[in-house]
Each structure stands twice: as structure tokens, then as C-alpha cells.
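The sequence shown: position 455 = 535 (this note's numbering), numbered continuously. We treat Cβ as the ideally placed atom computed from N, Cα and C, and that holds for glycine. Note that the structure is predicted; figures quoted are calculated from it, not measured. Structure, as C-alpha cells:
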Amino acid sequence: MNKFKIIIFFLINIITLSFISISANNLTIDSVNVIGTAASTTKQIEFKIGWAMAWRMITQPSNHDAVWVFVKYKDCGSNRWTHVKLNPNAAAHSADFPLEVWTDTSAQAAKIDSNGVFVRLSHLDTSCTISNNKVTLEMVNLIPGEHDYKVFGIEMVYIPRESFYLGDGGATNKFKNGNTNNPFLINKEFDTITWANTLGRLYASGAFLNGGLTAIPASFPKGYAEVYCMKYEVSQGQYVDFLNTSSIDQAAVRAYTGGANRNTISGYWPNYASVTPDRANNFMCWSELCAYLDWACLRPMTEMEYEKICRGPITPVQGEFAWGTNLIQNMTTIVLDGTTSERCTDAIPGGYGAANYLWVAPQGPYRVGIFANTASSRREAGASYYGVMEMTGNMDENVISIHSAVAPFNQGVNFTRKLGDGEISFTPTPGYANQGWTEETRACANVNSISGIMRKGGGCNTPAANCQVSARITAYNFNRYAYYSGGRGVR
């Protein structure tokens, strides 16, 4: 056996958006090589990376895209993959111009955890094609010996620190400013927010007010602080990568191979596969999303962060969707279905945004980023203010809620910004996140049995009212294998 067996992985490979322009992304990671002796506990891993339409702007929305890169390895005689620690000092890593390697030292990281790095543009550009640029990372604290390595990349969008509004003045169960219907301004992150039906306090209309909530703790992620958000929902290809680098016991708990509603994951550990790897993953219950995010060193987002990522700092439009208008077009005419060029040909009237919703054929997820092309506007691409795709429709976004329709009603507010560490649970209960996240160990079930979780943004089965950014209609989670249930993570 060779000293280092290199296995190349890229977790998402299609369609991206900047605020200025949109084009196919085509993320690639290849030409991976490990430098160092088998006995060394510190080695370099180098690879070539490429993607189209990378951006970094100081004008609105003042953000950039990036690739979250992490590495896993296993002993050549073992089937257990372990997460690799990287040097927390950005200077220990390098990237060819115009890229840079950035280590996460933000408030969202809580501490320097060394579990991955961001690769991003080092200069301002609204549209830059990255092609076969070399990146070199320093791996540390390795166990001496011969190992197999896998390199992963997930596309992310940087959401800057800035104020935003919760609520839009009209959506069902919306957040609001006390006893008015006006939106509530969030302009701080680490302060406690008083919950009361009084002007100047955060409150909500309609249901899900039970449980005696009086305040949202300072530690709860409110959306004001900076965060990186997955550009797309978890894809079937990404979920396959997760299953195949889990243990056989973990994968047995987490795998869904039902073959229904456009989910094509099939096979057995460690050779699960999907013939539609770029399609959003469905039939994913809450504990499965948590397990995936823990494995990838991300975390769930909160419902407050969801509204910020969709809306940005702009004054809310009543009944708006992620693209900023209150008009929505259901996209049902698919061509090149199941390919990397899958797209919809439906006409999009002026002012309308594109979405997969409303429980009509084909009743399942589309390719992530499906509506974006080189000529797309934000609404035609179905994109959020910052360039995050499909925050309206396709798959329900499973998020942490401050309320719940089932007891204990206020469990969600105890959630903090703790990140996954790359490792999920082993025996005696394999296959679960183990970060203390809300309901992370609740087994999938076909009942409304989970507290502190909400589905936002609507999915392929929901009416338009559920898809509105500020709608809080489903302040519970079925926690089951549902064909419209998916999600994404943040860091």
C-alpha cells in the first residue's frame, strides 16, 4: 500500500450567485497530495481548487462567497474515519493568487477549533473564475502511520454583521414590535432580548406564545453577528459522502434509501451512491440534519438568523419571500432532469421570484441552484439578499425556534452557537450529533414529538403562505422521513 492514499471529494458542484451576477459554480477539488513521512504528526496536504463566479464586494451586500474545506483520514487497516485538525494559524497555510486561506476566529466559532478553513478571494471582484489554484494546508496532531485521506469542500456565503428586522407586518405568527404589527429591529447580538407584548419589546402574533417565555438569552444566535451560511441546501451527494465516511452502525441509523419523491440514494455502507448528487436531499429528519452538520463542523441556524440571511438590512415587504418581493412563481417544467444541467423553463412574470413549492408534480426536490443562470436577477434565481439559494421553497429549512407547539415549549432558546467537531456518536447510540444541540438525539418518528424546532421557507409541498420569510406557521417538527424536509447549516 502507498503511504498516503488520497481520495478526492467535492461536496457541491453547481450554480452560484453574487448580488451582481449569477453563473454555474462547478466547484472542483483535485490533484490532492500529502507531504510528510508516515511517522510525522504534522503533514501538509495540497490540492487544486476551482469554482466560477467567486465574489468579494465592499458595496452592498458587502459580502463574499467561500469554500469551507476540511479533511478526514483513517488508518489503512481501519474503516473508521477521523476528523483532521488543521493549524489554527492562517499563516501556516497558503493559496495561489487570487485566493487566501482564512481560519475562523469569529464570535460564531466561539474558539479556534482547527477543524477546517475557509478558502476565499483575497481581493475585491464581482465575478472571478478560479481555475486549478493550488491550496496547501498544514495538518497537525496526526496519529503516526499510513493513512487514507479525504478532502471535502462546502460552498458558503458570508453574512456580515449588521442590523435587520424580524417580521414583515403581515405573515402568519410573525415576530413584531410589542403590541404593534411593526417589524422589530435587531441591532445587537450578545444582549438579552425581553419578550413582552409591549412597545419596544420583541413579541409575536398568533399561536406559539405559550410556555411563559420572558426573554431570549444573550447566548442565543440572533442574526446580528457575522456568520457563514451554506450557499445551498444539503445535497444528496453531500449526504452520501457523510454516510460513506461514517461507521457501519452510524450509517445504518442515518441512511434513507426509499427511492421515493426524487431521492435516488441507494446501496450499502460504505458504497452508498446517488445518481442525482446535485439534487437537494430530502427525507432528512432533524436528528439526521444535526448529525450531518456535526460531521461537517457546522451548526444549525436559528429562525432569527434565517430571516436575516433572507432579508438582509432592507426594510421588510409584507408577505415577502427570500428574493424580496411578495410574488412567487411555481416552477414545474423541468428539462435535462437529473443532470448537472437540470433547469426549469417556466416563464417568470415581472416582480415574481422562482420557487419549487405548492405540492404539484414532480413532488420532490430539484437540483440545488436550479434557477440561476448568467442572466438571472436575484428574484429569477430565487436568491436571498446575500446570495444564498433556495431559502424559499424546494426543501423546508429546519431551524431552531424560540417557541414550540409541543412541550417543553421554550427549549429552543437554550441553543447556543456551539459548532460541530467532525465526530458523531458511536456505541451505544451511534449516528447522532453530540454537541448538546436542541433535540439532536431524538429518533426520527412520524409524530409531532419534537420541541424547539421550526420549519421555515416552505418546501415542495407547501402553499405560498408557508414560504414567506416571516411566516412561523410550523413551530414544530415532524422529525420524520418527509419528502419535503431538508436543511442547511451555518458557521
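Excluding its 5 nearest sequence neighbours in each direction, Thr-425 has C-beta neighbours in its own chain below 7 angstroms: Thr-413 and Val-415, listed in chain order. If you draw a 10 Å sphere on the C-beta of Ala-360, you find 16 or more other C-beta atoms in it, and that means buried. Taking a C-beta distance under 8 angstroms as the contact criterion, Thr-325 and Trp-148 do not qualify as a contact pair. Counting C-beta pairs with one atom in each stretch, the segment 309-329 and the segment 275-289 have fewer than three that are closer than 8 angstroms, which means they do not touch. Counting along the chain, Gln-330 sits inside the alpha helix (DSSP H) bounded by residues 328-334. Secondary structure of Gln-316 (DSSP, three-state): helix.
Only residues of its own chain outside the window of five on either side were considered, and among them Ser-367, Cys-370, Tyr-512 and Ala-513 have a CB closer than 7 angstroms to the CB of Glu-520, listed in chain order. Under the Cβ criterion (8 angstroms, minimum of three pairs), the segment 236-244 does not count as touching the segment 167-183. Per DSSP, Ile-504 lies in no alpha helix (DSSP H) segment and is marked neither H nor E. At a Cβ-Cβ threshold of 8 angstroms, Phe-401 and Cys-540 do not count as neighbours. At the C-beta level, Ile-234 and Ala-134 stay beyond 8 angstroms of one another.
Ser-367 sits in a helix when the DSSP states are folded into three classes. DSSP places Gly-130 within a strand segment (E or B) once states are collapsed to three.
Remark: C-beta atoms of Gly-317 and Asp-358 approach each other more closely than 8 angstroms.
The C-alpha of Asn-490 is placed about 43 angstroms away from the C-alpha of Ala-132.
Judged by their CB atoms, Ser-354 and Tyr-304 are not nearer to each other than the 8 angstroms cut-off. Annotation: Glu-385 is outside any beta strand (DSSP E); the continuous alpha helix (DSSP H) that includes it extends over 383-391. With a cutoff of 8 angstroms on beta-carbon distance, Arg-535 and Asp-476 are scored as near each other.
The beta carbons of Val-479 and Thr-382 sit about 6 angstroms from each other, so the pair counts as a contact at 8 angstroms. When secondary structure is reduced to three states using DSSP, Cys-547 falls in the helix class. Note that the C-beta distance between Trp-182 and Val-164 is not below 8 angstroms. Taking the Cα of Ile-450 as reference, the smallest distance to any Cα among Val-440, Pro-442, Glu-470 and Gly-431 is reached at Glu-470. Collapsing the DSSP output to three states places Tyr-283 in a strand. Comparing alpha carbon positions, the residue from Asp-329, Asp-321 and Lys-154 closest to Ser-346 is Asp-321. Within the segment 195-276, the complete beta strand (DSSP E) segments of 3 residues or longer fall at 197-201, 205-220, 227-239, 244-246, 255-257 and 264-266, listed in chain order. Each residue's CA atom was taken as its position, placing Thr-122 and Leu-217 some 11 angstroms apart. For the alpha helix (DSSP H) assignment, the uninterrupted runs of no fewer than 4 residues enclosed by the segment 401-488 are, from N- to C-terminal side, 458-461.
Inclusion of Leu-378 and Gly-567 in the CB contact set at 8 angstroms is not warranted, their separation being larger than that value. Rounded to whole angstroms, the separation of the alpha carbons of Val-215 and Asp-184 is 17 angstroms. The C-beta of Ala-284 has 16 or more other C-beta atoms within 10 Å across all chains shown, which makes the residue buried. C-alpha of Pro-178 to C-alpha of Thr-294: approximately 49 angstroms in a straight line.
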